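Engineer: For the sequence shown, my numbering gives the first residue as 402, with consecutive numbering after it. Virtual Cβ for every residue (Gly too), placed ideally from N, Cα, C. Small disclaimer: the values here were computed from a predicted structure and weren't measured. Before I ask anything, here is the structure I am working with.
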Amino acid sequence: MNGSILRKLALRCPALALAAIAFALLVIWPVGTGSAHSSLTDAFPAPDSRLETAPQEIVLTFNERLENKGFAVQIYDRKGMPAAKGPAALDASRNTMRLALPPLEDGSYTITYRLLSADGHPIRASYVFTIGAAADSQLGYASASRLHEEHDIGKNMPYWITRGLYYLGLLTATGWFSLRVYAPDIARVNLKRYSIVGKALLAFHLVALVLLAWNDFGKLSEGLALTDDWSILLGTSIGVSYAIALPTAVIGLLILGKWRAIDAAWIILLFAAKGLNGHAMGFAIPAITYVLDIVHLAAASLWSGVLLAFAIIGTKRLAEPGAAGAAPPALLLSRAALSAIALLAVSGLAAAALYTNGFHRLLDSQWGRLMLAKAAAVLLVIIVGSALRRSLRQKRLKPRSPWLLFDFALYAIIVAITAVLTYLNPLAATGPLFWHENVKSVHIAAVITPNKAGEVNQFNVSVGGGAAKEGEGGPRNVTLKLQSIDHPDIAAIDVPLKLVQTNGSPLSLYDYNYSAEGNYLSLPGRWKLEVRVLSGKLNEYVTVKTFYSDNKK
Numbered sequence: 402m403n404g405s406i407l408r409k410l411a412l413r414c415p416a417l418a419l420a421a422i423a424f425a426l427l428v429i430w431p432v433g434t435g436s437a438h439s440s441l442t443d444a445f446p447a448p449d450s451r452l453e454t455a456p457q458e459i460v461l462t463f464n465e466r467l468e469n470k471g472f473a474v475q476i477y478d479r480k481g482m483p484a485a486k487g488p489a490a491l492d493a494s495r496n497t498m499r500l501a502l503p504p505l506e507d508g509s510y511t512i513t514y515r516l517l518s519a520d521g522h523p524i525r526a527s528y529v530f531t532i533g534a535a536a537d538s539q540l541g542y543a544s545a546s547r548l549h550e551e552h553d554i555g556k557n558m559p560y561w562i563t564r565g566l567y568y569l570g571l572l573t574a575t576g577w578f579s580l581r582v583y584a585p586d587i588a589r590v591n592l593k594r595y596s597i598v599g600k601a602l603l604a605f606h607l608v609a610l611v612l613l614a615w616n617d618f619g620k621l622s623e624g625l626a627l628t629d630d631w632s633i634l635l636g637t638s639i640g641v642s643y644a645i646a647l648p649t650a651v652i653g654l655l656i657l658g659k660w661r662a663i664d665a666a667w668i669i670l671l672f673a674a675k676g677l678n679g680h681a682m683g684f685a686i687p688a689i690t691y692v693l694d695i696v697h698l699a700a701a702s703l704w705s706g707v708l709l710a711f712a713i714i715g716t717k718r719l720a721e722p723g724a725a726g727a728a729p730p731a732l733l734l735s736r737a738a739l740s741a742i743a744l745l746a747v748s749g750l751a752a753a754a755l756y757t758n759g760f761h762r763l764l765d766s767q768w769g770r771l772m773l774a775k776a777a778a779v780l781l782v783i784i785v786g787s788a789l790r791r792s793l794r795q796k797r798l799k800p801r802s803p804w805l806l807f808d809f810a811l812y813a814i815i816v817a818i819t820a821v822l823t824y825l826n827p828l829a830a831t832g833p834l835f836w837h838e839n840v841k842s843v844h845i846a847a848v849i850t851p852n853k854a855g856e857v858n859q860f861n862v863s864v865g866g867g868a869a870k871e872g873e874g875g876p877r878n879v880t881l882k883l884q885s886i887d888h889p890d891i892a893a894i895d896v897p898l899k900l901v902q903t904n905g906s907p908l909s910l911y912d913y914n915y916s917a918e919g920n921y922l923s924l925p926g927r928w929k930l931e932v933r934v935l936s937g938k939l940n941e942y943v944t945v946k947t948f949y950s951d952n953k954k
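Quick look at the structure:
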């Protein structure tokens, strides 16, 4: 009776655990947009700001290292003419761009910048600032485009699928050929099948790599001259990564499967190339995270090879004793998988700690939430692996064991999470706040600059859309409230907004703009912003945004 119950639980546990992971992903998966690159942490002049005197330079600071190629900062006056001629310069720290300015007249100016973060992500954005108290402001127009610059995960599905296929191809191809490196007897079980599967995996990896490179290079070269393309290809980490990976993938089709040393060298070279394209290069000391990234890839590849061996060679063949009474190959693979998962967990934990400055504000970023989901999946892999090793020792492992199928399902989930995770910014957003939401056809935008606690900040709210024009004279009332989340005992702070006149762009989403200035972000930490719009017909539209305000100088 007890044995029957245990068998039923063994069959149901994998399905229940998978359902739990799926539910967790639905809960923590962010709806809407997410930062997929370096974030602007400080800007002078600040977006949508009004200065009494003309600035002498533009200073833009980001939270990650930038590539020293393909960056530019430009400034235009209200007539669309360039207001500065010199090129932008990159600081030695490679996270700050500067552009020296000539004397500027009063008026509104548009700053536009372009750069490549060191982890390979292109960034293009613009914003507006005004000089002089009497000058007409262009509040909310050019800066509004920045609100839509972030990557919408839901609408970028083809790209995430391409990234998922790439990681699947990379890990399965390298994992399959790593079997010959550390367990050649397993590859000799059926050399013909091993060779056919190997060629198919190499071809799959090459196609996925080409598709991803085509997508990435198209984004990198957008807005650049043809002569700059070669500079990006040979002068940036992501360019060098693809310049190495593509020919290596092609050569692999010709030489792999003949010499174990060549197979090992090919795998290492491919990982070395991949390490140049990702978060590892955006860290302050890239050598450390680069090594961790390669170790992480090697561990994932090793685990992939083990799963492929069980799927293609077969559990029955692998469970048979080896030559001269040696232990079954399945036990060797089981130990390899255990080592791989241990390396995967340790290297991933170390890299995550470095990327997030000791897990600071981990839950405030999409990257952090997905990392927790991945960690939960890895923990389940450890539990499943324990059950599989027990079945192997007891010689009860069947080809369609629920635990083996569960292991494959967890592998697919981890690869899918990785495809998105590696493109998101590990650091929670800081710096100027840009927020936009379409509430029942009413566009509401809120901009806080420079978003520094304990200092004077500018608060701008813009409202637009058909429903916002209900009645005469626009909305009856627009309010902005700030609530400290870390200090709930402090009552919400009302920010006194005033209607401001603009130059009226016909292309703008917004018809009415409101502004305030003051030290309303009095404390560092998490805040909740709430904007309420009361229309002429007494219909209310509300948007809420949680954000973080820092006071670091």
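(1) Helix, strand or coil for residue 809, going by three-state DSSP, please let me know.
(2) Taking the DSSP output, what are the residues bridged to residue 861?
(3) Report the rounded CA-to-CA distance for residue 590 versus residue 714, giving the unit in angstroms.
(4) Rounded to whole angstroms, what's the CA-CA distance from residue 509 to residue 527? Just pull it up for me.
(5) Can you find the residues in the same chain that come closer than 7 Å, C-beta to C-beta, to residue 656, ignoring five residues on each side of it along the sequence?
(6) List the DSSP bridge partners of residue 682.
(7) Am I right that residue 854 and residue 922 are in contact with their C-beta atoms under 8 Å? What's the rounded C-beta distance?
(8) For the structure I just gave you, are there three or more beta carbon pairs, one from the stretch 572–579 and one from the stretch 664–671, closer than 8 Å?
(9) On a CA-only basis, which of 775, 479, 462 is nearest residue 496? Give me that one, please.
(10) Using CA atoms only, rank isn't needed, just tell me which of 483, 490, 788 is closest to residue 505.
(11) Is the CB-CB distance between residue 955 and residue 561 below 9 Å?
(12) Is it true that the stretch 754–772 meets the stretch 696–713, where meeting means three or more beta-carbon pairs spaced less than 8 Å apart?
(13) DSSP state of residue 454, grouped into three classes?
(14) Return the first residue and the last residue of the alpha helix (DSSP H) that residue 675 is part of.
(15) Three-state secondary structure (DSSP) at residue 711?
(16) Judging by CA-CA distance, which residue of 564, 597, 445 is the nearest neighbour of residue 529?
(17) DSSP state of residue 525, grouped into three classes?
(18) Could you tell me the distance, in whole angstroms, from the CA atom of residue 765 to the CA atom of residue 826?
(19) Taking 8 Å as the threshold, find out whether the stretch 894–902 comes into contact with the stretch 729–736 through three or more Cβ pairs.
(20) Is the beta carbon of residue 607 sitting closer than 9 Å to the one on residue 654?
(21) Based on DSSP bridge pairs, tell me the residues matched to residue 758.
(22) Look at the alpha carbon of residue 939 and the alpha carbon of residue 875, and state the distance between them as a whole number of angstroms.
(23) Mapping DSSP to helix, strand and coil, what is residue 927?
(24) Pop quiz: residue 885 and residue 928 are said to be a contact at Cβ under 8 Å. What is the actual Cβ separation, rounded to whole angstroms?
(25) Just list the residues that DSSP pairs residue 483 with in beta bridges.
(26) Whose C-alpha, out of 877, 767, 788, is nearest the C-alpha of residue 942?
(27) Is residue 668 near the ligand ADP, in the sense that its beta carbon is under 8 Å from a heavy atom of that ligand?
(28) Among 738, 883, 699, which one has its Cα closest to the Cα of residue 748?
(29) At a Cβ threshold of 9 Å, is residue 919 touching chain C?
(30) Excluding the 5 residues flanking residue 945 on each side, which residues of the same chain have their C-beta closer than 6 Å to its C-beta?
(31) Should the stretch 796–808 be called in touch with the stretch 845–863, which here means at least 3 C-beta pairs below 8 Å?
(32) Could you check if residue 453 is buried or exposed, using at least 16 other CB atoms within 10 Å of its CB as the buried criterion?
(33) Take residue 451 as the anchor and find which of 846, 917, 952, 925 has the nearest alpha-carbon.
(34) Under 9 Å between the Cβ atoms of residue 862 and residue 936?
(35) Which one of 557, 718, 449 has the shortest CA to CA distance from residue 824?
(36) Among residues of its own chain, excluding the 5 on either side of residue 754, which ones have a beta-carbon nearer than 8 Å to its beta-carbon?
Structural biologist: Taking the definition as stated:
(1) helix
(2) In DSSP, residue 861 forms a bridge with 848, 916.
(3) 8 Å
(4) 13 Å
(5) 663
(6) Bridge partners of residue 682: none, in fact.
(7) 5 Å
(8) yes
(9) Checking every option, the nearest Cα to that of residue 496 belongs to 462.
(10) 483
(11) The requested residue 955 is not part of the displayed model; the chain covers only 402 to 954.
(12) no
(13) coil
(14) 661–676
(15) helix
(16) The shortest Cα separation from residue 529 among 564, 597, 445 belongs to 445.
(17) strand
(18) Taking the straight line joining both Cα atoms gives about 11 Å.
(19) no
(20) Yes, the pair counts as a contact, with Cβ atoms nearer than the cut-off.
(21) Beta-bridge pairing links residue 758 to no other residue.
(22) 11 Å
(23) strand
(24) 6 Å
(25) 477
(26) 877
(27) For the ligand ADP, the structure offers nothing, since it holds no ligand at all.
(28) 699
(29) Absence of chain C from the displayed structure is noted, only one protein chain being present.
(30) Correct list, in chain order: 931.
(31) no
(32) exposed
(33) 917
(34) no
(35) 557
(36) 760
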